[in-house]
Structures are given as C-alpha cells and as structure tokens.
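Per my numbering, residue 16 is the first one in the sequence shown, and the count goes up by one each step.
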Amino acid sequence: MSTVDKIKEIEAEMARTQKNKATSLHLGLLKAKLAKLRRELLTPQGSGGGGSGVGFDVAKTGVARVGFVGFPSVGKSTLMSKLTGTHSEVGAYEFTTLTTVPGVIQYKGAKIQMLDLPGIIEGAKDGKGRGRQVIAVARTCSLIFITLDVLKPLTDKGVIEREMEGFGIRLNKKPPNIIFRKKEKGGINMTNTVPLTHIDQDEVKAVLSEYRIHNADVSFKCDATIDELIDVIEGNRIYIPCIYVLNKIDQISIQELDLVYKIPYACPISAHHEWNFDELLDMMWQRLDLARIYTKPKGQLPDYEQPVVLKRDSATVEDFCNSIHKAILPQFRYALVWGSSVKHNPQKVGKEHVLQDEDVVQIVKNDVEKAEQDKAQREKEAAEQAALPYQWKQTLQDVDVSIPVPKGTRAKDLVVSIKRKALKVGLKAQEPIIDGELCKDVQVDDSTWTLEDQSTVLVHLEKVNQMTWWENVITTAPKIDTSKIQPENSNLSDLDTETRSMVEKMMPKVEAASSLFDEYEDPDTPNTMGPEQIQRFASDLGVDLDNIVLIVLAFYMNASTLGYFTREEWVDGFKRLGISNMNELKKKKASLEKEWKEPSLFREFYKFCFGYAKDKDQKNLRLEERHPVKVITRDQWQNFLEFCQTVSEDLSGHDESSASSEKKQYLLIAHDYTDEDALNRRLAVRQEHLAKAAEGKKDGLIISGGVMFDSHANQKMVGSSMIFYGTEEEVRERIYNDVYVKGKVWEKIDIIPYKLAPLP
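Structure (structure tokens):
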C-alpha cells in the first residue's frame, strides 16, 4: 500500500470516529500516524523531491519573498503583472501558468520578490498535478497571497488552507509555546504553567509512544492542542503569514463587498482595474513586519535612499551589521542611534540593542581603527608642531619656549615682551617670530627670558593655573590633544612632594572624567559636546535642560559658549568639583542645586552668566523679545545685582534722588596699556585726588600730578590713559565724541562703576 493510500485510510477512519472524551486518545494516535506519513511526502526518497522540476528552482532575491497561491484562473498572473511589471502568461483558460514566474517590486525602499506559482488543485498535498512542487516553493516564502475569485464559493479558501496545512504550512499562526526536549532516561516528565483544556498527560504519553519516545521533558506554556504538540515533535512546520486576496470585486455589489471585508486577513481588489492596490501593499508591508534602518556615515547626512531592511524579530544592531558586511562586527565598538528605539537622540548602544522602523544608525568601530586614527592624528599633530618657528614643552607649573635666532644675535638686538596674556619675541626692525595672545595667563614677575649661545632665546613662562595643560603657546597656533598627555611625560619629578602627590592623585580622576566625556562626545566634532549631546547627558543625569544644575556645571567648567562643552572645560570642571564619574556627579547634584545661592559664590556665578549667555562675538547680551532696549550691557547686568542687593523687594526706602547720585560714580578708562596691573597702580596713586574731586561734587574735575584741568574738559592724562568721570550717559557720550569721532585709537576701553575709597 502506497503512502497516499495509507493517508486516505487514516483520514477515513478519523472521519468515522466520533469526537468525544472517550475517543480523544484514539484520535490523537491517528493524528500522530497521519503526521508521520505526511512527513514522508514532505521528504520523499529518490528524485521526486518536492521542489525539483523545471521552473521551480528560483533564486531568492530581495529582502522578502511573496508567493501567489490559488486555484487556476483566479487572476494571479494578472495581479503579478500589474504589481511588478513582469510578464506572466495570462489566458482565459485554466493552467495558463505552468512554471514559477519571478518578479520584484520596490516598496518603501525595500526590494520584495514576488512569485507567480502555477495553480493548484484539491489533493495537491498528496501529489496531484504539480501541487507538491508548488507548495514546496510556497514553504520558502515570507508571505503568501492566497488569491481567490470572489465570485466563487469561499469553500475554495478552506480547500487551499487544508492543502497548505497538509504540507506543513501553518497560516497566520505562531509557533506554540511548548518546550520539548528528549533525554536518555527518566521517563516522560510533563509540566504546564497554564491550565490545559485540550490535552491531558495520557494523550501526551500516547502521542510520544507513537513516535517511540519514552524519555522526554515536555513543558506547556500555552493551552495547546494535540495537533500543536505533534507539530512541535515533528519540528518541520513552517509558520507563514498570509493575505486572502479576493479578486474581481468589480463584478459584485456594495453589499457583497461589505461582507467580504468581514473575512479576517482579507483584502478585496480588482487586478484588472487596479483597484485597492494601495491597501494590499500596505497590508503586505505590515504582515511582512519589516524595519527600514538608515545608515549614517560619520560627518554626513543619513542615506534615506537605500535603507537596510530587516525583519523586526531580528533587527538588532548585530543583525544590522551582518546585513551590511560580516567584517563589520569584529571591529564593532558601539553604535549611535537616532529614532524611536532610543530615549534620546543620539543614544550610544551596544550590538544587542533592538532597532525600530526608520531608525538611523552610525557604527563606531573598535579601538583597532581608533588606534589608526589616533596614530594619524599624532602624526598630523607632530608635523604641525615641527612647522612652528619655535619648540616648546610644559609641565603643570610652567611652559618653556625655545626660539632659534641667527647666530651672533645679541640681547640688545631682541624685542621680548612677556605680559599676563601676551607674548612677543623677535628681532628689532623685523617681523616678530612670536606675537599673540597666550593660551592661558602667566605670572609676569616669575616669567623670564635669556639668550643662550647667541642663537636661541629661551622663554620661561610660569602658569597662573597650575592644574591645566596648555593646548598651544599662542592661541593662533595649532593645538595639541591635552587628553593624551600622560603623567610620566609631564616632569612630575620636578614638582615638590605635596604638589606631586596631589597631581598623581588627580590624574586617574582626570582620565576617568575624560572617559566619561567620550560617551557624550559629538561624533562629528572631536573634543566637543554639542546641544544634542548635552541633552543626552542631562537625561542620564536625571535633570531637564532648563535645570539650574547644568548652568552651575557650566560655571565650574568656566564654559565659554552656551550649549557647548569642550573636553578641557569638562575635565577642569570635574577637577574643581572633585569628581570623576556620573555616580559622583549624581551624588553632588543636590548640593549644586543649592550652593550657587551662597552669597560668597553667587556674585561670581551671576557675573559668569552674562558672559556665558551672550553671543560669543558680542559685547552685550541680546534680548530675545522685541523691546526698545535691544541689549543689556555688562554694566547694566552688574548694576542690577547691586540694585537688588541694596533695595528691598517691595522697593521700600528706595530714594530715586539717591539713586540718581549713584549714577554719578562712573569712570571711563581709555588706555593703550596692555599691562593692567601698571595702570591700576597708576590709578591707585590718584585715589585721593579722585575722592576729593567727587566729594566737591565737581563732575569731571580730575586732579593729577598737581595739575587741575577745567571741569568742563572733564578729562586728564595719566601716562597713556585718559579718564572720564560722570554719569553713565556722559561717559558713553565721551566714548563716541572723544574716542570714535576724533579718531583716537585705544588698546582697551573700560567702563566701571567707581567706588570711592575713604579719605585718609
């Protein structure tokens, strides 16, 4: 007796057997025998393989495969041709299509392969016609379009479903949550986490006995049936989503169409008129459950034209990397993700992170590539430093600069100027070799220069802040990466014991703070955190962007630009706070929210906020709203603080006339001194004369060196400086008339509220 005959015999017996509790065990055994026989049809011996034959061996292309399955002459070929533009033989007779016709459709950036399969007939699962070959190809599909003629009875739907199920295809079902594991001994051990209403332990043992399995662990995590248990034991079932495509709706009434829409997973269309194709394709996309992932190269915009398309159940970053190239994963360091799968944009994730549709991903490779990049950066840095007309080195305490000059140069031939914020070195009557603003302030009294061997100028600069590294000597020179400076390279042995101990203790914290900065570094701008990165940092810290803690942190970092932190500012701020990681910062958060209110700190904090909030290249703070006054000057900002600290909240006791007299105490100092200390010493000498002039209420009467100028002149010369005394309005008018209109050029202009010292 052939396998097909045996199957028919069992099916006949099952049909004769009444279903009840007494016969459930017998029916279970029959189903197990039937499943074993159908397995023989699925994996036949010899050359009669299910998928063999001319026209059925189709190479898989695209990200998914959709198969058209149905009875002959239901419109499969017409639908295929309209969707893909691929020619598939169309005729008004059955079995027009005799081979598999492939085509490709481009939808939402994904290439999806479509297969027009020959029509099947009832009994295909038993080998009638080419049914076995057709269904074997259908098993390889990601989605099946069961195409039906809406004019024919829906019994055709049930016939096709039975044919597919008989060949091991489960339509619109998920694998049952049953864990089945064979073992060498111990008998049958059955457990369940939910009540079982369709099967009992005797039936389970009977089915396993039919398969000659006597030792196994079976765990039910769902209310399974005997059929689902057999599917798990067989292990060759395919679970495929399907859409019932009901064709030729142009030939039915509206009332009939309403009934068609009630069929689950159904989509009515007219292939001839191309009706409702949009809904069909949208259902196809949803049932395929695909996710489009866009790639973003570093420093470039995302590629929205050619997404990487993945199945949602296998859409991790690791799957994403493998779909591009398997060589990426061994070099993977982390990924930056923008989209719905992350809490903030971008978020740094590992390879286990699950991506969602339309996420944007940038892959950051591991230290192997980073080491190569660092090497290239070091070589570039070395070349830039070698090109400078001088050489320099530094410790945490000082900077030494070596400037070559022509052999035989004498000290009187040199021009060397060391100021707090500037350095100038050169030969007389020639362009300076060095001339510019220093990277950081220096202690002028402790800084020196010498001429060595009449060929080299050695400049020693003593740092004011002896806990920071310099990126360069002159601000216009190429910078070095201070984060790469190691303690052993910084002459720690030259430091005194106490300082050295403190520095050695701080260096691990500096490295830890720098490592934390790496987590938030802008991938497109090295050594910088931009607005997006600060938003992510704030989220990790557990504060909103408008929380005062971020401003206080910027204050400790002495940040120069609103919305940006540099690595140097970050590390300096963490050092001042005595912290090195996120946990320590979170513990410090409560105190940061309060300590800025302390009077001893608030004045400096308030002063910092003006410079931090104003535009980088502007002197004043612009107002955001339309107002007659467009800006706030630094003086107004500081005076407002003075006003708030001297006048009560209800303005009681406020005397406008007194306030008017306060306005008189302003000095304008226009000077070409670059050494502010020298200017301040000169002004201090004139303190008594200034006080007497103000006491006499002679506005603008300034006495210097025994020489008194007329009060209407309102000015005097101190060295190379000019001082004006009066109200702020008068002072600003002097700026315009005496400085700008008359063309007088000054190195610097200071407007300060002048506080008179008590007379001796």
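Every residue gets a Cβ at the ideal spot worked out from N, C-alpha and C, and that includes glycine.
By Cβ distance below 8 Å, which residues in the same chain neighbour residue i in space, the five residues on each side in sequence not counted?
i, result
"N291", "I264, C282, P283, I284 and S285"
"S356", "H368, V369, L370, Q371 and D374"
"A231", "F195, R196, K197, K198, I203, N204 and L223"
"V275", "V165, L261, I264, I267, A281 and P283"
"T208", "S234, F235 and K236"
"K590", "M482, M521, K524, V525 and A528"
Which value, in whole angstroms, describes the spacing of the CA atoms of residue i and residue j?
i, j, result
"C156", "R80", "5 Å"
"V323", "K48", "45 Å"
"N635", "Q660", "22 Å"
"L44", "T240", "13 Å"
"S338", "Q128", "18 Å"
"L158", "A342", "30 Å"
"H288", "N251", "40 Å"
"K97", "Y122", "14 Å"
"R551", "N598", "16 Å"
"D278", "L169", "It is worth fixing the name first, because residue 278 is Ile in this sequence and not Asp. Taking the straight line from one Cα to the other gives about 10 Å."
"K602", "P317", "38 Å"
"K434", "A401", "25 Å"
"R425", "S470", "9 Å"
"L403", "V457", "21 Å"
"T18", "E137", "17 Å"
Looking at the structure shown, is residue i part of a helix, part of a strand, or coil, going by DSSP?
i, result
"L186", "strand"
"V722", "In this prediction, V722 scores a pLDDT of 28, lower than 50, which makes its location untrustworthy; the coordinate-derived value is nonetheless stated afterwards. Note: V722 maps to strand in three-state DSSP."
"Q33", "coil"
"H41", "helix"
"R154", "coil"
"C454", "coil"
"I278", "coil"
"A628", "helix"
"Y535", "helix"
"D389", "helix"
"K97", "helix"
"G77", "strand"
"T18", "helix"
"M482", "coil"
"G90", "coil"
"S268", "coil"
"W300", "helix"
"P322", "strand"
"A437", "strand"
"R307", "strand"
"C659", "helix"
"P345", "helix"
"T331", "strand"
What does a CB cutoff of less than 7 Å around residue i pick up in its chain, not counting 5 residues either side in sequence?
i, result
"E249", "A50 and R54"
"S529", "S498, R582 and V586"
"V78", "A125, K126, I127, L305 and V324"
"E294", "C282"
"Q409", "W484 and W485"
"V440", "I418, V431, P447, I448, I449, V472 and V474"
"D6", "With the chain running from 16 to 775 in the structure shown, residue 6 is simply not present."
For the putative contact between residue i and residue j, defined by C-beta atoms under 8 Å, what is the C-beta separation to the nearest angstrom?
i, j, result
"I150", "E178", "7 Å"
"K443", "V430", "6 Å"
"L94", "T162", "7 Å"
"V571", "L556", "Residue 571 is actually Tyr in this sequence, not Val. Between L556 and Y571 the Cβ distance is about 14 Å, and since that is not below 8 Å, they are no contact."
"S462", "L476", "5 Å"
"E333", "K366", "4 Å"
"D246", "H213", "Going by Cβ atoms, the distance from D246 to H213 rounds to 14 Å, so no, they are not a contact pair."
Report yes if the C-beta of residue i is less than 7 Å from at least one heavy atom of the ligand HEM; otherwise report no.
i, result
"T240", "Inclusion of the ligand HEM in the displayed structure is not the case, the ligand content being empty and no account of it being possible."
Let me check understanding here. Comparing Cα to Cα, which of the options lies closest to residue i?
i, options, result
"H467", "S554, R31, R307 and S417", "First, the amino acid is wrong: residue 467 is Glu here, not His. Among S554, R31, R307 and S417, the Cα nearest to that of E467 is on S417."
"K326", "Y319, R302 and K363", "R302"
"L351", "E534, L40 and A574", "E534"
"P117", "R154, E137, V89 and K75", "K75"
"V376", "L438, P312, E399 and L403", "P312"
"I22", "K46, F655, N480 and Y226", "K46"
"A605", "V558, I193, R618 and Y627", "V558"
Quick one: what's got a C-beta closer than 6 Å to residue i's C-beta in the same chain, skipping five residues either side?
i, result
"K220", "I203"
"Q216", "M205"
"S554", "H359"
"Q392", "none"
"K91", "F83, G85, D131 and T162"
"K34", "none"
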